[in-house]
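Numbering (the working numbering), first residue to last: 1 to 649. Note that the Cβ used here is the ideal one computed from N, Cα and C, for glycine as well. Just so we're clear, the structure is a prediction, and the values are computed from it rather than from any experiment.
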């Protein structure tokens, strides 16, 4: 049954700072302080008879220059805008040095607010930037005052009177203005402790660096304003050129946020965009949702038809996903056959689930590939903000858990439920790290020899090992169990098979023909098309089937015995050898042994380790060896760690 929801206000989870908390009030506090400061300055100027802005040719020339800068920035039309502008900062500093902080604050507020208001109605963001700029101007004016300089419109600080001794004062004032403005933006743009997204941090840093260059122009603006003010509008050329350079660099950086195959945004973009969407949803007291979609049979198609056909199939999937998106939703490709859809506004969990079902239905309908009709089933997981997670990473992890539940239960779509999630935050973090490690090829294979009693190497067993950059060596039992429970196991098995077969191919090219054994899980055996995918992978690497041995446990027969038997028979039909791992530790081992097409038994190390000291274990090992030999099977003993055990065997 689908969950239902009323139109009640969005609940706030315990332990979270509510919208009335200090963090969410910070932007309002910044704007309030800036407004009070500017109002006090205006009142003082009017009371004392000081002008608010220079008149005559100088005033009009500065106004024209301001208008040109505003027009250029508005023409850029960027939806996301972090940290103000370099050109506006240069003009503001020049006015500050000449005429004091009140005229400079008015210029800054005019530039930043107008540009912010012109960009998709983001006047609130523009107002916040303007307030931060006003406070930065006030801090810089305080530095000038400490040096004894308080310029006004009537008594400007004449640049023609500057000496080399004034250089530290100008540099310190400019630095203070930049640092205060950037720090205020940094903290006010980071809502509820989530921190700034990478795009915002990068933009603030880049604009800060460009602003440093532009601030070097500020003294020149002062000199021209004092001597030839009619030439001031010409400064629009270098100011706009440097600002344009900044935006071009940003545009190139944004190209890296696109998937090169499908043209869809990638994982990094999704997290950045989700950060903004969650911020907006939180401000409106609304919900947002993330739908994670995985194609169930894509790997089989990819292995059978080849990577080029797989790429063309992904292009069709991406196009179909674009067409199926509801208004306002945005799609991204996370890698491989995983896609995500961000719903910036979701009326309820039920509505998000309804969208997910529609997307799954669209992606599961038949596809045509060169006259071949293919049907790829899709599974989707849904996570909703703020019900299930409070940040983009958490939302993605929860959707991932729900997606694997849908894949495991074959329900198509599942909504995240905490009671069905056995993953702790640490476990979820390790799962995400494992997925990234597989994508980055950081998981390693070590090869343990299987030695005959005559000392000859009969083969190698591939052992998967992972050295986490922060945790160090992660025990295989730990991360394999996480992969099994989360649904990442097929990806891990695919990675191990690909790596092992590539190594076997290299060894064969060097004249070394050594068979390699790889462990596969019951989930792998129950995956449709697994036998064909293994055969296709062998053919692609040019490795004969006899050089690969797959190790299974008798648990493969517990869930779907017929499907498991069909898969195993398909593998042996291709020539792949099968080994029964951990023999003697499961239920009804002898019954299962009769039904499994294996050519080798592996005696569990729990029996072998105590072989030399425990007569019962020794008898079990002896009986197992006799049984295997009577059935014509090879025997491998695990856990031979010393000479005494070797001799007893």
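Nonlocal neighbours in the same chain, by C-beta distance under 7 Å from residue i, ignoring five residues either side
i, result
"residue 691", "Residue 691 lies beyond the range of the chain shown here (1 to 649); nothing can be said about it."
"residue 152", "50, 99 and 100"
"residue 297", "376, 377, 528 and 529"
"residue 362", "320 and 324"
"residue 472", "none"
"residue 137", "92, 96, 101, 104, 105, 108 and 177"
"residue 502", "541"
Close-in-space but distant-in-sequence residues of the same chain around residue i (CB under 6 Å, 5 per side omitted)
i, result
"residue 535", "574"
"residue 21", "Note that residue 21 scores 41 on pLDDT, short of 50, meaning its location in the model is unreliable and no value can be drawn from it."
"residue 525", "556, 564 and 567"
"residue 359", "324"
"residue 570", "531"
"residue 522", "555 and 556"
"residue 519", "551"
Span of the alpha helix (DSSP H), counted from its first residue to its last, around residue i
i, result
"residue 550", "That residue, residue 550, is in no alpha helix (DSSP H); its beta strand (DSSP E) goes 548-552."
"residue 600", "Segment 600-603 is the beta strand (DSSP E) holding residue 600; no alpha helix (DSSP H) there."
"residue 224", "218-227"
"residue 538", "530-541"
"residue 520", "Premise fails: residue 520 is in no alpha helix (DSSP H) and is neither H nor E."
"residue 504", "489-509"
"residue 316", "307-324"
Residue burial classification, residue i (beta-carbon count within 10 angstroms, cutoff 16)
i, result
"residue 441", "exposed"
"residue 620", "buried"
"residue 541", "buried"
"residue 103", "buried"
"residue 130", "buried"
"residue 181", "buried"
"residue 48", "exposed"
"residue 115", "buried"
"residue 348", "buried"
"residue 454", "exposed"
"residue 230", "exposed"
"residue 344", "buried"
"residue 400", "buried"
"residue 263", "exposed"
"residue 167", "exposed"
"residue 82", "Bear in mind that a pLDDT of 42 at residue 82, under 50, signals an unreliable position, so the number given afterwards is only what the model happens to contain. Residue 82 is buried by the Cβ-count criterion."
"residue 579", "buried"
Residues of its chain near residue i, where Cβ-Cβ distance is below 8 Å and the 5 sequence neighbours each way are ignored
i, result
"residue 175", "none"
"residue 456", "none"
"residue 265", "257, 258, 259, 273, 330, 331, 332 and 333"
"residue 673", "The requested residue 673 is not part of the displayed model; the chain covers only 1 to 649."
Rounded separation between residue i and residue j - CA only
i, j, result
"residue 650", "residue 238", "Shown here, the chain extends from 1 to 649; a query on residue 650 therefore has no answer."
"residue 491", "residue 134", "53 Å"
"residue 88", "residue 44", "25 Å"
"residue 184", "residue 149", "25 Å"
"residue 281", "residue 288", "6 Å"
"residue 712", "residue 329", "Any property of residue 712 remains undetermined from this structure, which presents the chain solely from 1 to 649."
"residue 79", "residue 465", "Legend: pLDDT at residue 79 = 44, less than 50; position of this residue unreliable, value from coordinates given subsequently. Looking at the two C-alpha atoms, the distance is approximately 45 Å."
"residue 259", "residue 445", "29 Å"
"residue 656", "residue 415", "For residue 656 there is no data in the structure shown, the boundaries of the chain being 1 and 649."
"residue 494", "residue 624", "32 Å"
"residue 632", "residue 447", "26 Å"
"residue 146", "residue 110", "27 Å"
"residue 628", "residue 295", "41 Å"
"residue 68", "residue 94", "16 Å"
"residue 11", "residue 387", "With a pLDDT of only 35 at residue 11, under 50, the local geometry of the prediction cannot be trusted, and no value is derived from it."
"residue 23", "residue 32", "Residue placement at residue 23 is poorly supported in this model, since its pLDDT is 43, which falls under 50; the coordinates still yield a value, given next. C-alpha separation (whole angstroms): 15 Å."
"residue 439", "residue 366", "29 Å"
"residue 638", "residue 602", "7 Å"
"residue 396", "residue 581", "36 Å"
"residue 477", "residue 435", "16 Å"
"residue 70", "residue 90", "13 Å"
"residue 461", "residue 474", "19 Å"
"residue 269", "residue 241", "27 Å"
Residue i - containing beta strand (DSSP E), residue span
i, result
"residue 360", "Where residue 360 is concerned, there is no enclosing beta strand (DSSP E), although the alpha helix (DSSP H) it sits in stretches over 349-364."
"residue 568", "Note, residue 568: premise wrong, no beta strand (DSSP E); alpha helix (DSSP H) at 561-573."
"residue 331", "330-335"
"residue 343", "338-346"
"residue 634", "634-637"
Check: residue i C-beta below 7 Å from any heavy atom of the ligand FAD
i, result
"residue 529", "Among the ligands in the structure shown, none appear at all, so the ligand FAD cannot be discussed."
Alpha helix (DSSP H) runs contained entirely in the region 159-188, provided each spans 4 or more residues: 167-188
At what residue ranges does the region 370-458 contain a whole run of the alpha helix (DSSP H), taking only runs of 4 or more? Annotation note: the region 370-458 contains the following uninterrupted alpha helix (DSSP H) runs of length 4 or greater, listed N- to C-terminal: 392-409 and 425-439.
Unbroken beta strand (DSSP E) runs of length 3 or more, entirely within the region 454-483: which are they? 457-468 and 472-474
Every unbroken beta strand (DSSP E) inside the region 242-295 [3 residues or more]: If you keep only unbroken beta strand (DSSP E) runs of at least 3 residues inside the region 242-295, you get 287-295.
Ranges of the beta strand (DSSP E) found wholly within the region 120-152, counting only runs of at least 3: With a minimum length of 3 residues, no continuous beta strand (DSSP E) run stays inside the region 120-152.
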